[in-house]
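The numbering of the sequence shown is the working numbering, which starts it at 317 and goes up by one. Just so you know, even glycine gets a beta-carbon here, dropped at the ideal spot from N, CA and C. Here the structure comes first, spelled out in structure tokens, and everything after it is commentary.
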Amino acid sequence: MTYRISVVPTVVTGRSPIRRVVTCLLVTLLGPLDSATSAAEPVPTYRWEPVTLKAPFAARDGAGALVYKKRMWLLGGWNPGDKVHFPLICNNEVWSSQDGLDWKLDKPNTFLDRKFDTSSDWEGRHTAGYVVFRDKMWIIGGDVNQSHYQHDVWNSTDGRNWVHVNKGRDVPWGPRALHYTFVLNGKIWILGGQTMPAFSKTPDDKERFYRDCWNTTDGVRWTRVRPSEPAWTPRGMIGGNVVFKNRVWVLGGGTYDTPTTKTRKFYDDVWSSADGVRWKRHVEHAAWEPRQYHDVAVYDGRMWVMEGYTKGVGNRKDVWHSDDGVNWHEVPETPWKPRHAASVFVFKNALWMVMGNNMEPDVWRLRRAAR
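If you want it as structure tokens, here you go:
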């Protein structure tokens with residue numbers, strides 16, 4: 317029997333240098349040579365390029381990011397330092413673009429003061445749930461920055477006019493913020509999240525870190541799904557979503573500190589499931605540092621983890637990709653500033669990143685480099 321002997325130093329399955337070398341050698345020495353695959357598939361090379369460093373909207377983080385009707389859509393966001401565009405910390409404006417350079421204001425901010433009518437329009441928010449489902453854009457829940465939990469569900473076909481889907485009927489999975497939202501098996505799902513008593517004025521609001529899933533086909537009627545063991549520990553704080561190879565993937569994440577639990581948690585494990593019940597852990601410690609407030613996506617047949625917030629360092633600027641959740645490759649020489657809670661799109665055969673906690677209105681695009 318013939319064996320393929322090669323060294324693939326860019327494959328990383330853990331943060332230890334020793335573990336990195338051994339893993340590479342095991343893969344290459346123990347794999348038999350197949351005539352159909354006589355050479356290992358080369359890892360694609362990717363490059364970032366700036367689209368604009370001065371987009372027409374005010375800087376923000378945690379804004380929703382959706383691709384719908386051949387446009388990128390930017391929803392709401394957070395910037396407590398900008399009292400002009402964010403008089404109540406978050407706003408509810410909507411922008412869209414076909415090229416990342418020219419942006420159209422489809423819906424001006426109406427979240428201006430405490431007299432705001434919550435039945436006529438959605439409150440400003442960030443780090444909410446955002447998906448495209450049944451040919452509509454959806455907003456699922458929100459944050460706690462207005463001293464209460466936002467348990468509303470909205471959808472729209474044009475970005476300007478929004479329908480309050482569950483008007484008069486709160487979702488059954490509250491109180492909750494920082495949840496992970498995705499579409500799987502013809503349903504909208506939310507997963508994880510937590511309460512935030514330090515921000516809420518809700519009576520008897522207690523600390524809760526969630527480890528459950530809920531799904532719906534209409535935004536009104538929700539079904540609870542309890543993961544079987546083993547499964548991920550309670551968490552949230554993951555932007556975007558990854559549904560890859562007919563499975564939802566949980567890539568890292570974490571928990572926010574509360575008056576009772578004063579230390580945040582940061583994770584770097586990788587889990588996936590086809591049904592929300594049975595979960596598989598692919599790796600306990602991925603190559604990237606444990607993080608929260610990062611963004612994830614599926615682009616070019618790979619899962620992506622980018623930027624975020626890590627313990628002791630703060631904002632990050634690293635970008636990683638994997639086609640199996642175990643072996644991760646870092647994109648070198650990231651040209652943009654460290655940040656977390658950016659807005660990430662997969663659009664026109666490219667991966668796009670808009671702003672984030674760097675608080676500058678920049679737009680960047682990543683594409684596969686020509687060989």
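Nearest to Y526 by alpha-carbon distance, out of M553, K633, V536 and M671, is M553. Rounded to whole angstroms, the Cβ separation of D528 and P491 is 14 Å, and the two are not in contact under 8 Å. Looking from the CA of K627, the closest CA among D611, D468 and P606 belongs to P606.
Here Q414 carries a coil assignment [DSSP, helix/strand/coil]. Distance from the CA atom of A685 to the CA atom of S638, rounded to whole angstroms, is 17 Å. In the three-state reduction of the DSSP assignment, M671 falls in the coil class, being assigned neither a helical nor a strand state. G457 counts as buried, since at least 16 other C-beta atoms from the protein chains shown sit within 10 angstroms of its C-beta.
Judged by DSSP in its simplified three-state form, K653 adopts coil rather than helix or strand. When C-alpha distances from L500 are compared across V586, E676 and D591, the shortest belongs to D591. In its chain, beyond the 5 residues on either side, A685 have a beta carbon closer than 6 Å to the beta carbon of R363. Per DSSP, the beta-bridge partners of Y583 are G569 and R607.
At a Cβ-Cβ threshold of 8 Å, P677 and A371 count as neighbours. Within 10 angstroms of the beta-carbon of D534 lie fewer than 16 other beta-carbons, which makes it exposed. Secondary structure of P513 (DSSP, three-state): coil. C-alpha of T511 to C-alpha of G445: approximately 15 Å in a straight line. Using a Cβ distance threshold of 8 Å, M622 and M669 count as a contacting pair.
Distances from the alpha-carbon of V614 to those of W604, V593, G641 and N673 put G641 closest.
For the beta strand (DSSP E) assignment, the uninterrupted runs of no fewer than 3 residues enclosed by the stretch 350-386 are, from N- to C-terminal side, 362-368 and 380-384. Here H480 carries a strand assignment [DSSP, helix/strand/coil]. Around the beta carbon of A514, fewer than 16 other beta carbons lie within 10 angstroms, which makes this residue exposed. Annotation for R542: D528 place their beta carbon closer than 7 Å to its own, counting only its chain and skipping 5 residues before and after.
Taking the C-beta atoms as reference points, G509 is found no nearer than 8 Å to H442. Comparing C-alpha distances from W620 to each of D459, P575 and D634 shows the shortest one belongs to D634. Excluding sequence positions up to five before and after L417, its CB lies within less than 7 Å of the CB of V367 and T368, all in the same chain and listed in chain order.
Residue nearest to R594 within the set T571, H610, W565 and D611 is W565 (criterion: CA-CA distance). Contact annotation: W644 and A603 have beta-carbon atoms nearer than 8 Å.
Between G475 and K399 a beta carbon distance of about 25 Å is seen, past the 8 Å cut, so the two are scored as non-contacting. Apart from sequence neighbours up to five positions away, the residues of its chain that approach D437 with a beta-carbon distance below 6 Å are T426, ordered along the chain. Here P550 really is in contact with T571; their C-beta atoms are around 7 Å apart, less than 8 Å. The Cβ neighbour count for V536, taken over all protein chains shown within 10 Å, is under 16; the residue is labelled exposed.
For M622, the pairing in a beta bridge is given by DSSP as D611 and V635.
Taking 8 Å as the upper bound for CB-CB distance, V612 and G672 are not in contact here, some 14 Å apart. In the structure shown, the three-state DSSP call for T532 is strand. DSSP places F402 outside both helix and strand once states are collapsed to three, so it counts as coil. Counting along the chain, R540 sits inside the beta strand (DSSP E) bounded by residues W538 to V541.
Within the model, the alpha-carbon separation for T574 versus P519 is close to 16 Å.
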